[in-house]
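Student: Just so you know, the protein sequences line up as chains A and B, in that order.
Per our numbering, the very first residue in the first sequence carries number 6; after that it's consecutive.
Per our numbering, the very first residue in the second sequence carries number 6; after that it's consecutive.
There are 2 protein chains.
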Amino acid sequence: MPPAIPSVSPDLLLTNIARHVLLTPAEAATVAAALRPRHLRRRQFAVQAGEVCQYESFVVRGCLRAFYTDVNGFEHNVLFAIEDWWIADLASYLTQTPATLDVEALEDCELLQLDRAALEALYEQVPKLERYFRLMLQNAFVAQQQRALQSISLPAEARYRQFRAKYPQLEQRLPQRHVASYLGITPEFLSKVRKQVLQES
Amino acid sequence: MPPAIPSVSPDLLLTNIARHVLLTPAEAATVAAALRPRHLRRRQFAVQAGEVCQYESFVVRGCLRAFYTDVNGFEHNVLFAIEDWWIADLASYLTQTPATLDVEALEDCELLQLDRAALEALYEQVPKLERYFRLMLQNAFVAQQQRALQSISLPAEARYRQFRAKYPQLEQRLPQRHVASYLGITPEFLSKVRKQVLQES
DNA sequence: GTGGTCCCATGAACTGGTTTAAGAAAAGAC
DNA sequence: GTCTTTTCTTAAACCAGTTCATGGGACCAC
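#1: Listed from N- to C-terminal order along the chain, which residues in the region 81-109 of chain A have their beta-carbon within a distance smaller than 8 angstroms of any beta-carbon of chain B?
#2: Is there at least one Cβ from chain B nearer than 8 angstroms to residue 8(A)'s Cβ?
#3: For residue 159(B) and residue 148(B), what's the separation of their Cα atoms in angstroms?
#4: Assuming residue 182(A) and residue 173(A) are in contact, meaning their beta carbons sit under 8 angstroms apart, how far apart are those beta carbons, in whole angstroms?
#5: Could you give the DSSP three-state label for residue 146(B): helix, strand or coil?
#6: Thinking C-alpha only, which one of 119(A), 129(A) and 82(A) is nearest residue 157(B)?
#7: Can you confirm whether the region 70-78 of chain B touches the region 134-142 of chain B when touching is taken to mean that 3 or more C-beta pairs between the two stretches lie within less than 8 angstroms?
#8: State yes or no: is the beta carbon of residue 20(B) nearer than 8 angstroms to at least one beta carbon in chain A?
#9: To which residues of the same chain is residue 130(A) closer than 6 angstroms at the C-beta, ignoring the five residues directly before and after it?
#10: Mapping the DSSP letters down to three states, classify residue 12(A) as helix, strand or coil.
#11: Should residue 46(B) be labelled buried (16 or more other beta-carbon atoms within 10 Å of its own) or exposed?
#12: Under 8 angstroms Cβ to Cβ from residue 12(B), same chain only, skipping five residues before and after it: list those, please.
#13: I need the straight-line Cα distance from residue 95(B) to residue 150(B), nearest angstrom please.
#14: Quick check on this structure: which residue in 98(B), 152(B), 30(B) and 19(B) has the alpha carbon closest to the alpha carbon of residue 57(B)?
#15: Roughly how many angstroms lie between the CA atoms of residue 25(A) and residue 162(B), to the nearest whole one?
#16: Just tell me which of 146(A), 122(A) and 164(A) has its CA closest to the CA of residue 100(B).
#17: Identify each residue in the region 152-170 of chain A for which the Cβ-Cβ distance to at least one residue of chain B is less than 8 angstroms, and report them in chain order.
#18: Give the interface partners of residue 147(A) over in chain B, defined as CB-CB distance under 7 angstroms, in chain order.
#19: Does the beta carbon of residue 59(B) come closer than 8 angstroms to any beta carbon on chain A?
#20: Hey, is residue 179(B)'s beta-carbon within less than 8 angstroms of any beta-carbon in chain A?
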């Protein structure tokens, strides 16, 4: 007998939506039906640069990173996602143009994926969801702007402190080189910064 | 007799909208009626950090910059706008929270401003506009992401070349220190970079 | 166990960009 | 016009962060 593939429950997502808009049980069922459960093993990719990003992925379990690979082949982490977060190359998903980012599983993951066509169909059936996804886009925009402003105005040590303060769970869970890449510094320099910061507290 | 205050024609904006959605003459009139014409003298502010950004401004004539002031009082240019562009602190405008950016006129300007309530009312009367403004938000998001990726992956000289290639009109029109600030370098270093780049071509 | 492989730490040499300072050129102010 | 202020350039000293090299520890696989 092959190992059972456990299905992915939509509960976590429905709870997340409920924090922003109120759905009837029927509407919640419509949402649940539109989602495609997906299991991803560590090192597998949810999005590949160069191809159109087909899905937005909601993380039920696991951890992923979105990263940009520059012309010299260096990777730059742009975004992480753990349980209760969405992840995608949003620019690609929205405009249906080739992705500039890869999205890779850092742990085995359970995802709920929503493709572009299913999303449009959902908007017809449950118009309230437009509000929910507009809020998600706004949040993404605001977060992206804040990150950009910090990266130009703060030195590496301050950026590291902010990161620790903002995402305490994440720092535990990620290899340091991924944190370094996110902060825009080398792992060697992060090591030096950490020495500073950690011996203070 | 006081000098006549010339009114600001909505034609440029209506043409801009027509490139994305098709409006009937009646709908175009509704849009025109929702806009607030505004003249801004050089050095006046359209948005002030700390206050909620009330308007999105469409530039009919003139040039503006949006900039962030960091904790040490240094300014960082984030965005420029000339004729046929929109400018605002979009994060603040969308979420109606205090702005982190200032928007300042670099030349005397003629703007068409749209406040948040007027926008919501327009959505009711002319639903097609939701598409138009969704596209504007998508474009802003994509542009912001590209800029962030370039700023972490390219050295200053390459960033300067990209800027020249992408916005040839802008470079003519702006003081170099504003370009330097946009590129994330000092005016002194831009001067050195320019010497390099200009003597090649 | 022991031989990979990956991950983190440390230190020395180096580099892209800043700072400070000073002068020349351009733009406002009156 | 001419005086003042702002803008741009150049150059030397400096610094935040990189690169390169090395060693040590944890986690496998077998």
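In this text, a Cβ means the ideal position worked out from N, Cα and C, and glycines have one as well.
Tutor: Per the coordinate set shown:
#1: Going along the region 81-109 of chain A in chain order, one finds 81, 83, 95, 96, 99, 100 and 105 with a Cβ nearer than 8 angstroms to chain B.
#2: Stepping through the first sequence from its first residue, residue 8(A) is reached at position 3. Reliability of the predicted coordinates at residue 8(A) is poor, the pLDDT of 49 falling under 50, and the value obtained from them is presented with this limitation in mind. Interface residue (Cβ-Cβ distance to chain B less than 8 angstroms): residue 8(A) is not classified as such.
#3: Within the second sequence, residue 159(B) is the residue found at index 154, counting from 1. Within the second sequence, residue 148(B) is the residue found at index 143, counting from 1. If I take the Cα positions, the gap works out to 16 angstroms.
#4: Stepping through the first sequence from its first residue, residue 182(A) is reached at position 177. Stepping through the first sequence from its first residue, residue 173(A) is reached at position 168. Their Cβ separation, rounded to whole angstroms, is 19 angstroms, which puts residue 182(A) and residue 173(A) out of contact at 8 angstroms.
#5: For the purposes of this step, residue 146(B) is taken as the residue at position 141 of the second sequence. Three-state DSSP puts residue 146(B) in a helix.
#6: In the second sequence, counting from the first residue as 1, residue 157(B) sits at position 152. Of 119(A), 129(A) and 82(A), the residue nearest in Cα terms is 82(A).
#7: No, because fewer than three Cβ pairs between the region 134-142 of chain B and the region 70-78 of chain B fall closer than 8 angstroms, the two stretches do not touch.
#8: Taking the first residue of the second sequence as 1, we reach residue 20(B) at position 15. No, no contact with chain A.
#9: What you label residue 130(A) is simply residue 125 of the first sequence in a count that begins at 1. 35.
#10: Stepping through the first sequence from its first residue, residue 12(A) is reached at position 7. Reduced to three states, the DSSP call for residue 12(A) is coil.
#11: Reading the second sequence from its first residue, position 41 is the one you call residue 46(B). Of the residues assessed, residue 46(B) falls on the exposed side of the cut-off, its CB having fewer than 16 other CB atoms within 10 angstroms.
#12: Here residue 12(B) is taken as the residue at index 7 of the second sequence, counted from 1. Around residue 12(B): 42.
#13: Counting from one through the second sequence, the residue named residue 95(B) turns up at place 90. Counting from one through the second sequence, the residue named residue 150(B) turns up at place 145. Whole-angstrom Cα-Cα distance: 14 angstroms.
#14: Within the second sequence, numbered from 1, the residue matching residue 57(B) stands at position 52. The closest CA to that of residue 57(B), considering only 98(B), 152(B), 30(B) and 19(B), is found on 98(B).
#15: Here residue 25(A) refers to the residue found at position 20 when the first sequence is read from its first residue. Here residue 162(B) refers to the residue found at position 157 when the second sequence is read from its first residue. Approximately 45 angstroms, taken between the alpha carbons.
#16: Residue numbering aside, residue 100(B) sits at position 95 when the second sequence is read from its first letter. It is 146(A).
#17: Against chain B - using a Cβ distance shorter than 8 angstroms - the residues of the region 152-170 of chain A are 152, 153, 154, 156, 157, 158 and 159.
#18: Here residue 147(A) refers to the residue found at position 142 when the first sequence is read from its first residue. Neighbours of residue 147(A) in chain B, taken as residues at a C-beta separation under 7 angstroms, are given in chain order as 96 and 100.
#19: Residue mapping note: residue 59(B) aligns to position 54 of the second sequence, counting from 1. Interface flag for residue 59(B) against chain A is unset, since no Cβ pair is found closer than 8 angstroms.
#20: Looking up residue 179(B) in the second sequence gives position 174. False, the Cβ-Cβ gap to chain A never drops below 8 angstroms.
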